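**Student:**
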Amino acid sequence: MTHVLGIYNYWIYVLLMMIGLYGVIAKPNLIKQAIALGLFQTGIFLYYISMAVIDDGTAPVWFVDPQDPGQKFMGPYDNPLPHVLILTAIVVSVSVLAVALALIINIRRAYGTIEADQIEVMDQQDRLAEFRAGATLDAADAAELAGVGGHHD
Amino acid sequence: MNAVVLIDTLLLILVTITAVAIIEVRNLYASVMLTSVYSLLMALVWVNMHSMDVAFTEAAVGGGISTILLIGTLVHTAREERPIKARVHWKALLVTAVTGAALIYGTFDMPRFGDPHAPIHHFRVPEMMAQTVGFANGTKGKQAPPEGFDAREYRSFNGRVADIPDDPTDTAWRETSVLAQDGIIVPKVIGHAAHAPVHDDAGHHPHPADDFNGHVPNSVTSLLAAYRGYDTMFETTVIFTAGISLIMLLRRPRRQGEAQVGAPMVDQAVLRVVTKMSVPFILLFGLYVITHGELGPGGGFQGGVVIACGFILYALIFGRAALYRVLPPPVIDVLTGLGVLLYSGTGAACLLLGGQFLDYSMLNRLSPGDGESLGMTLVEYGVGITVSMVMLNIFNQLAEEQPT
Amino acid sequence: MIDVQAHLPVLIVTIPLIGGVLTIATGRGWKPWAWATFLTGTVFYLTLRLMAQVLASKTGVVSYELGNWPRQWGIEYRVDALNAFILLIVGGVGFITTVYAKLSVEKEIPADRHHFFYAVWVLALCGLLGITVTGDAFNVYVLLEISSLTVYALIAMGKDRHRGALTASLRYLILGSVGASFILLGIGYLMMITGTLNMQDMHERLMSVPGIQQSRTVLVAFAFLLVGLSMKMALFPLHMWLPRAYTYAPSAVSALLAATATKVGVYMAFRFLFTIFGVGFSFGMMPSGLVLLGCASAGIIITGITAIRQTNLKRMLAYSSVGQLGYIVLGFALANVHGVAGSVAHIFNHAVMKGGMFMALGAIVYRLDRCDIRSVRGLGKQMPLTMAAFTVGGLGLIGFPLTAGFISKWYLVQGCLERPHMWPLAGVVLLGSLLAVVYIWRVVEAAYFQQPDPGTPRVEEAPLLMLIPMWALIGASVFFGINATFTGDIAMRAARSLIGGGP
Numbered sequence: 041m042t043h044v045l046g047i048y049n050y051w052i053y054v055l056l057m058m059i060g061l062y063g064v065i066a067k068p069n070l071i072k073q074a075i076a077l078g079l080f081q082t083g084i085f086l087y088y089i090s091m092a093v094i095d096d097g098t099a100p101v102w103f104v105d106p107q108d109p110g111q112k113f114m115g116p117y118d119n120p121l122p123h124v125l126i127l128t129a130i131v132v133s134v135s136v137l138a139v140a141l142a143l144i145i146n147i148r149r150a151y152g153t154i155e156a157d158q159i160e161v162m163d164q165q166d167r168l169a170e171f172r173a174g175a176t177l178d179a180a181d182a183a184e185l186a187g188v189g190g191h192h193d
Numbered sequence: 061m062n063a064v065v066l067i068d069t070l071l072l073i074l075v076t077i078t079a080v081a082i083i084e085v086r087n088l089y090a091s092v093m094l095t096s097v098y099s100l101l102m103a104l105v106w107v108n109m110h111s112m113d114v115a116f117t118e119a120a121v122g123g124g125i126s127t128i129l130l131i132g133t134l135v136h137t138a139r140e141e142r143p144i145k146a147r148v149h150w151k152a153l154l155v156t157a158v159t160g161a162a163l164i165y166g167t168f169d170m171p172r173f174g175d176p177h178a179p180i181h182h183f184r185v186p187e188m189m190a191q192t193v194g195f196a197n198g199t200k201g202k203q204a205p206p207e208g209f210d211a212r213e214y215r216s217f218n219g220r221v222a223d224i225p226d227d228p229t230d231t232a233w234r235e236t237s238v239l240a241q242d243g244i245i246v247p248k249v250i251g252h253a254a255h256a257p258v259h260d261d262a263g264h265h266p267h268p269a270d271d272f273n274g275h276v277p278n279s280v281t282s283l284l285a286a287y288r289g290y291d292t293m294f295e296t297t298v299i300f301t302a303g304i305s306l307i308m309l310l311r312r313p314r315r316q317g318e319a320q321v322g323a324p325m326v327d328q329a330v331l332r333v334v335t336k337m338s339v340p341f342i343l344l345f346g347l348y349v350i351t352h353g354e355l356g357p358g359g360g361f362q363g364g365v366v367i368a369c370g371f372i373l374y375a376l377i378f379g380r381a382a383l384y385r386v387l388p389p390p391v392i393d394v395l396t397g398l399g400v401l402l403y404s405g406t407g408a409a410c411l412l413l414g415g416q417f418l419d420y421s422m423l424n425r426l427s428p429g430d431g432e433s434l435g436m437t438l439v440e441y442g443v444g445i446t447v448s449m450v451m452l453n454i455f456n457q458l459a460e461e462q463p464t
Numbered sequence: 002m003i004d005v006q007a008h009l010p011v012l013i014v015t016i017p018l019i020g021g022v023l024t025i026a027t028g029r030g031w032k033p034w035a036w037a038t039f040l041t042g043t044v045f046y047l048t049l050r051l052m053a054q055v056l057a058s059k060t061g062v063v064s065y066e067l068g069n070w071p072r073q074w075g076i077e078y079r080v081d082a083l084n085a086f087i088l089l090i091v092g093g094v095g096f097i098t099t100v101y102a103k104l105s106v107e108k109e110i111p112a113d114r115h116h117f118f119y120a121v122w123v124l125a126l127c128g129l130l131g132i133t134v135t136g137d138a139f140n141v142y143v144l145l146e147i148s149s150l151t152v153y154a155l156i157a158m159g160k161d162r163h164r165g166a167l168t169a170s171l172r173y174l175i176l177g178s179v180g181a182s183f184i185l186l187g188i189g190y191l192m193m194i195t196g197t198l199n200m201q202d203m204h205e206r207l208m209s210v211p212g213i214q215q216s217r218t219v220l221v222a223f224a225f226l227l228v229g230l231s232m233k234m235a236l237f238p239l240h241m242w243l244p245r246a247y248t249y250a251p252s253a254v255s256a257l258l259a260a261t262a263t264k265v266g267v268y269m270a271f272r273f274l275f276t277i278f279g280v281g282f283s284f285g286m287m288p289s290g291l292v293l294l295g296c297a298s299a300g301i302i303i304t305g306i307t308a309i310r311q312t313n314l315k316r317m318l319a320y321s322s323v324g325q326l327g328y329i330v331l332g333f334a335l336a337n338v339h340g341v342a343g344s345v346a347h348i349f350n351h352a353v354m355k356g357g358m359f360m361a362l363g364a365i366v367y368r369l370d371r372c373d374i375r376s377v378r379g380l381g382k383q384m385p386l387t388m389a390a391f392t393v394g395g396l397g398l399i400g401f402p403l404t405a406g407f408i409s410k411w412y413l414v415q416g417c418l419e420r421p422h423m424w425p426l427a428g429v430v431l432l433g434s435l436l437a438v439v440y441i442w443r444v445v446e447a448a449y450f451q452q453p454d455p456g457t458p459r460v461e462e463a464p465l466l467m468l469i470p471m472w473a474l475i476g477a478s479v480f481f482g483i484n485a486t487f488t489g490d491i492a493m494r495a496a497r498s499l500i501g502g503g504p
């Protein structure tokens with residue numbers, strides 16, 4: 041039981057990650073997907089930073105007691121390595137978000153919508169038109185095509 | 061009960077509620093504002109966990125830049141999400157339940173939250189924390205270790221307390237270990253060597269003996285810019301790439317004679333006056349954060365974002381035409397690349413001076429520790445320049461579009 | 002001035018980095034392309050020298066410590082026979098594709114974006130090279146994000162020809178970010194348990210600390226790493242992003258991606274499965290061998306069948322690529338020397354074959370503006386060299402003797418037969434070849450044995466600047482099919498060091 045008390049906060053991070061992952065898979069709106077991706081990634085950052093925490097620790101910046109400058113550095117300090125990794129990861133995550141949003145603006149211009157299911161329908165219409173223009177069709181193929189509509193990868 | 065865990069729990073409950081709200085709210089503008097709130101709460105969580113640099117970055121980048129990006133996108137896309145029929149997406153729920161269960165299964169063998177005996181605190185990090193990595197193997201070109209520094213005594217500190225019982229189920233020793241009371245992260249030997257001067261020629265004040273001559277108390281910066289400086293260089297490249305990609309994807313060729321669009325708010329007296337007074341301080345603060353990153357929480361990323369925010373505020377109130385008089389777009393483009401070149405140029409300079417790539421100790425032969433510190437300052441500036449200019453560029457791209 | 006030989010690993014990555022940033026200053030016209038060609042050519046030369054250095058070194062490993070920090074604390078570049086080979090492939094194909102890109106990019110991408118395009122192109126190569134040369138787990142993640150981000154932008158540049166490029170790129174972005182996040186999670190778990198980020202160091206800790214391999218955290222780390230890597234490798238069924246991305250990207254980008262991006266993903270899998278976790282853990286303790294074999298076999302067969310049904314030739318080759326990746330995964334999932342050697346050899350062979358074939362399709366797009374089975378009719382007479390390149394490449398896909406594809410399939414079948422109960426896999430390999438015969442024959446038949454639609458204008462052969470790189474790659478596939486000592490030796494050497502790496 042004490043062991044569970046020690047690790048239950050990891051479970052909250054898992055919950056946050058899963059909320060984000062749910063948003064990415066379930067929501068058709070592209071901006072929601074981009075935001076949810078960010079949520080998913082923040083859950084992972086929580087994992088990293090939580091492994092850096094030490095009981096009674098403090099921020100990993102050295103300081104000495106002004107009253108007694110000769111003594112050794114005060115501590116214990118938290119572990120700085122995960123902090124460094126997450127700094128990098130946060131910046132990378134926002135860069136990916138920026139590119140995603142630029143793509144979404146372009147999609148809005150090209151398709152007129154940012155709902156993934158409507159875009160999927162338009163994509164399939166494009167592919168059908170391309171299929172018709174490019175195939176060596178005979179009557180049987182054409183009939184099959186009329187029925188095959190939405191069956192793609 | 062550990063105070064950190066308690067506050068952590070309260071904050072995380074708020075964070076979880078906000079996360080669910082972000083996903084479920086239909087109005088996208090509300091969703092974006094909640095994302096900003098979410099980032100602020102996360103910054104508080106980081107502060108609670110004593111990770112100041114990360115908190116600063118999350119607040120600036122997550123709360124500031126992400127919100128600007130998202131609002132800029134909303135202007136060109138949509139305000140509301142289309143209503144969907146099914147309230148709950150069962151397939152997604154199944155996938156997330158399975159993934160979540162797998163992750164929770166994996167947490168059972170993790171060291172508990174705050175455990176000072178976790179492998180990561182003992183294995184390689186103590187030397188990085190104490191900033192004596194260059195001593196550990198006697199690496200050529202780095203600082204020579206001081207008198208009395210016994211590498212053997214140092215390296216025998218492999219994280220095992222003498223009396224750990226062999227029985228893995230007997231864990232009582234974790235509660236009463238001598239090491240837990242002694243501040244284990246900074247090993248004992250440092251207290252002896254740290255204040256012995258390396259050299260005391262006239263005019264040169266005695267430094268503690270470490271890789272950077274005591275110039276870098278913030279060990280997060282020492283890791284970021286020196287030990288793992290190569291990662292940071294690529295991180296700066298990622299930002300640069302994002303900036304270039306946005307220009308490539310969004311920039312429309314400017315038609316001749318088209319005036320700079322942008323509705324300035326100069327007629328709002330309060331905003332105008334406050335902005336005029338604040339912008340110089342914001343820019344100065346940003347510069348301070350970049351320069352001071354070695355001594356306290358801060359650094360290139362955080363400072364760069366603050367500088368960008370100063371310029372963006374100016375552009376919002378006085379119009380982008382005014383901003384382009386100060387910083388024309390070609391200058392912004394050039395400065396974007398300049399930051400990355402400054403970083404990699406510092407590394408290349410070290411290469412040309414005879415050392416390995418990014419071996420800053422080559423920059424100052426007489427006192428390698430000072431060279432290391434100089435190198436770190438240079439690269440932090442490189443990072444700051446690129447970050448601020450890319451963020452400004454992204455704002456300009458998003459603001460320049462005709463709203464649809 | 003500097004001793005190039007001593008700094009080869011870092012120069013291979015830094016030159017494209019600095020050069021890529023400088024590309025935005027090159028202005029208009031042919032200058033960005035010329036600068037990019039110069040950079041990629043220099044990098045190719047350096048990878049050749051690095052290969053020579055690795056082969057000549059006593060230990061077979063070239064190690065470079067960045068910042069002169071000892072490797073356990075800093076970032077280390079560690080090059081052995083496997084890396085050096087893949088660096089050579091990426092460097093070589095990168096150079097040849099850049100030469101090819103000039104005309105293709107001029108046609109497909111607006112002129113005022115060229116300097117940005119080539120900047121992102123060179124940075125993409127920098128990212129791919131960086132993943133291959135590093136020996137530090139987190140460095141792999143950062144460079145993975147660079148290479149992914151640049152590729153998303155490159156694919157999206159196909160938007161002026163077809164809006165599908167945008168959705169393809171966004172879909173790849175979302176799936177790729179989820180995959181990369183899983184990889185980050187795995188690296189975090191590993192760091193939590195081992196305490197270090199250097200790959201060699203992690204491996205030593207995983208082998209030496211008692212009880213660590215039974216830890217549930219390590220198990221979950223392995224699982225999530227495998228899922229994330231499968232997304233990046235485009236292993237069936239996580240390959241959904243690949244067909245659209247290859248189809249709608251600009252032709253030069255398709256050629257580059259097909260030859261390099263997924264191969265580097267496979268290299269990452271090699272490093273994580275064989276070097277960090279070790280063969281004993283990855284394939285002995287965990288059932289990953291069976292899972293990978295199952296997914297790979299399903300992938301080979303299902304994508305082969307799907308490829309046959311496609312009319313758009315680029316999409317057909319994209320599905321074919323997923324199938325060929327199935328072969329590569331099949332090889333290393335067998336976890337024996339011949340299997341892994343076949344896998345490594347197929348990385349090389351597929352890179353040159355597919356690169357060449359996509360270049361041929363790009364040439365067809367350059368002349369015809371389209372690339373489907375109908376417009377290819379009669380092209381055998383009008384564009385003989387291009388269609389010949391496509392056909393020879395296709396023979397390589399099938400595994401015809403005297404082509405490079407035959408060599409790798411030979412190793413793969415040997416590997417299958419060496420494991421007991423695995424001989425049905427040899428059947429899968431042959432079945433995949435049969436499916437390849439069908440979809441290649443469709444194109445060959447249309448090109449050589451059918452007449453073009455009446456009213457379509459006559460087209461010329463592809464320009465020389467496209468033909469030479471195309472035939473350089475296809476020629477390589479034939480040359481290394483006839484004379485397989487170089488690739489065979491390197492592959493066996495790499496396989497032995499990978500398998501022998503763990504207990």
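Chains as they are written, first to last, in the numbering used here: chain A, 41 to 193; chain B, 61 to 464; chain C, 2 to 504. By construction, the Cβ of each residue, glycine as well, lies at the ideal position given by its N, Cα and C atoms. Values in this document were obtained by computation on a predicted structure and should not be read as measured data.
#1: DSSP three-state label for threonine 98(A), please.
#2: At least one CB of chain A closer than 8 Å to the CB of serine 148(C): is that the case?
#3: Secondary structure at glycine 174(B), three-state DSSP: helix, strand or coil?
#4: Buried or exposed: methionine 337(B), going by 16 or more other Cβ atoms within 10 Å of its Cβ?
#5: Tell me the DSSP secondary structure of asparagine 313(C) in three-state form.
#6: At 7 Å on the CB atoms, spell out the chain C contacts of valine 64(A), in chain order.
#7: If we cut at 8 Å on Cβ distances, does alanine 169(A) have a partner in chain E?
#8: Give a yes or no on whether the minimum CB-CB distance between isoleucine 16(C) and chain A is below 8 Å.
#9: Give me the chain C residues within the contact set of proline 179(B), using Cβ-Cβ distance strictly less than 7 Å, ordered along the chain.
#10: Less than 8 Å between the CB atoms is what I'm expecting for alanine 495(C) and phenylalanine 86(C), so what's the real figure, rounded?
#11: So, does the segment 372–381 of chain C touch the segment 300–308 of chain C, judging by three or more C-beta pairs under 8 Å?
#12: Where valine 63(C) and isoleucine 144(B) are concerned, what is the direct C-alpha to C-alpha distance, given to the nearest angstrom?
#13: Taking one C-beta from the segment 116–135 of chain B and one from the segment 86–96 of chain B each time, how about it: are there three or more such pairs within less than 8 Å?
#14: At the level of alpha carbons, what is the spacing between glycine 251(B) and isoleucine 147(C)?
#15: Pull up the CB-CB distance for isoleucine 299(B) and valine 439(B), whole angstroms please, since I reckon it's below 8 Å.
#16: CB-CB under 6 Å to leucine 186(C), same chain, minus the five flanking residues each way: which ones, in chain order?
#17: Kindly provide the ranges of any alpha helix (DSSP H) runs that are 4 or more residues long and lie completely inside the segment 14–83 of chain C, ordered along the chain.
#18: Could you say if the segment 174–194 of chain C and the segment 230–241 of chain C meet the contact criterion of at least three C-beta pairs nearer than 8 Å?
#19: Could you name the residues of the same chain whose beta carbon sits closer than 6 Å to that of isoleucine 76(C), not counting the 5 residues immediately before and after it, in chain order?
#20: From the DSSP output, read off the bridge partner residues of asparagine 199(C).
#21: Which same chain residues, not among the five before or five after glycine 407(B), have their C-beta less than 6 Å away from its C-beta?
#22: Quick one: is tyrosine 151(A) near chain B, going by C-beta distance under 8 Å?
#23: Excluding sequence positions up to five away, which residues of its chain have a Cβ less than 7 Å from the Cβ of alanine 157(C)?
#24: For a test of the three-state rule: what should DSSP assign to aspartate 270(B), helix, strand or coil?
#25: Hey, which unbroken runs of the alpha helix (DSSP H) at 4 residues or more fall wholly within the segment 84–130 of chain B?
**Tutor:** Reading it off the structure:
#1: Judged by DSSP in its simplified three-state form, threonine 98(A) adopts strand.
#2: No - not a single Cβ of chain A is within 8 Å of the one on serine 148(C).
#3: Glycine 174(B) sits in a strand when the DSSP states are folded into three classes.
#4: With a threshold of 16 other beta carbon atoms within 10 Å, methionine 337(B) falls short and is exposed.
#5: Here asparagine 313(C) sits in strand by DSSP.
#6: Ile175, Val179, listed in chain order.
#7: In summary, chain E is missing from the structure at hand, where the protein chains are A, B and C.
#8: The beta carbon of isoleucine 16(C) sits no closer than 8 Å to any beta carbon of chain A.
#9: Identification of chain C residues near proline 179(B) by a Cβ-Cβ cut-off of 7 Å yields Ile194, Thr195, Gly196, ordered along the chain.
#10: Rounded to whole angstroms, the Cβ separation of alanine 495(C) and phenylalanine 86(C) is 6 Å, and the two are in contact under 8 Å.
#11: Cβ pair count under 8 Å is below three, so no.
#12: Straight across, the Cα-Cα distance linking valine 63(C) with isoleucine 144(B) is about 57 Å.
#13: Flag = yes, the segment 116–135 of chain B and the segment 86–96 of chain B touch.
#14: Here glycine 251(B) scores only 32 on pLDDT, less than 50, and its place in the model should not be relied on; the value that follows carries that caveat. Whole-angstrom Cα-Cα distance: 41 Å.
#15: The C-beta distance from isoleucine 299(B) to valine 439(B) rounds to 14 Å, too long to meet the 8 Å contact threshold.
#16: Only Phe225 meet the Cβ criterion.
#17: Every alpha helix (DSSP H) stretch that sits fully inside the segment 14–83 of chain C and reaches 4 residues is listed by chain position as 32–57.
#18: Yes: at least three Cβ pairs fall under 8 Å.
#19: Excluding sequence neighbours, isoleucine 76(C) sits near Leu67, Asp137, Asn140.
#20: Bridge partners of asparagine 199(C): Asp137(C).
#21: Around glycine 407(B): Phe417, Leu418.
#22: The beta carbon of tyrosine 151(A) sits no closer than 8 Å to any beta carbon of chain B.
#23: Closer than 7 Å at Cβ, skipping near neighbours: Ala166, Leu167, Ser170.
#24: Of the three classes helix, strand and coil, the one that applies to aspartate 270(B) here is coil, per DSSP.
#25: Here the runs fully enclosed are 88–108, 112–117.
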